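*Asks:* Heads up, the sequence shown is in this note's numbering, so the first residue is 98 and it goes up one at a time.
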Amino acid sequence: MIPTTRLLQTFQRTYKARRPWPPNFSLLSQKDQFRLERRYRRRTKLKWARPKLHKAVTIAQWTSAAFVVCYGVFWADWGSEDHLFMPIRNWVKEKKEGFWSMPARLERSPTGDKGKQ
C-alpha cells in the first residue's frame, strides 16, 4: 500500500461515483443518449450563464442605440436644405429658447406694471 500524505488525501475522492464518466455511448440506447445529452446541455447552460454580464451588455446596447438615434436627429449635419428632422430640431430650439426667457404675460411693461395675467 502506498503511504498517503495530506496532499494526496485532498485529491482523493471521498465518495465513489455511481456511474463511470464519460459514459460509453455505444452501450446506451438512443433514448438514454438523448436524455444524457439534454441533461448535459441544460447543465452547461446553467454553468455558463452570466446574468450580470448579460444585463450590462443589454444596457450598453440600448444606451448606444439611443445615443446614435439622438445624435442623428439633433446634431448630425444632413446638409443645408431641409430634411426629415428639421421640424423636430425647430421644436426643440423653440423649447430651449422659451426655457431661458420669461413668458410674455409676466414681462414688465414700460410703466413698471406687470403685464396681463
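Beta carbons are placed, not taken as given, at the ideal position from N, Cα and C, and that holds for glycine.
Only a predicted model underlies this, so the values are computations on that prediction, with no experimental measurement involved.
In the DSSP assignment, find the alpha helix (DSSP H) that holds SER161 and state where it starts and stops.
*Replies:* Here residue 161 refers to the residue found at position 64 when the sequence shown is read from its first residue. Its alpha helix (DSSP H) spans residues 148 to 171.
*Asks:* Given this structure, state the Cα-to-Cα distance separating ARG106 from LYS113, to the nearest angstrom.
*Replies:* Counted from its first residue, the sequence shown places residue 106 at position 9. Counted from its first residue, the sequence shown places residue 113 at position 16. The sequence given here has Gln at residue 106, not Arg. Their Cα atoms are separated by approximately 14 angstroms.
*Asks:* Please state if the CB of VAL170 and the CB of PHE182 are separated by a distance shorter than 8 angstroms.
*Replies:* Reading the sequence shown from its first residue, position 85 is the one you call residue 182. Reading the sequence shown from its first residue, position 73 is the one you call residue 170. It is a contact, given that the beta carbons lie within the stated cut-off.
*Asks:* Can you tell me whether DSSP reads PRO199 as helix, strand or coil?
*Replies:* Residue 199 sits at position 102 when you count from the first residue of the sequence shown. Pro is not the amino acid found at residue 199; the sequence shown has Met there. MET199 falls in the coil class under three-state DSSP.
*Asks:* I need the straight-line Cα distance from PHE122 to LEU143, nearest angstrom please.
*Replies:* Taking the first residue of the sequence shown as 1, we reach residue 122 at position 25. Taking the first residue of the sequence shown as 1, we reach residue 143 at position 46. Cα-Cα distance, rounded: 24 angstroms.
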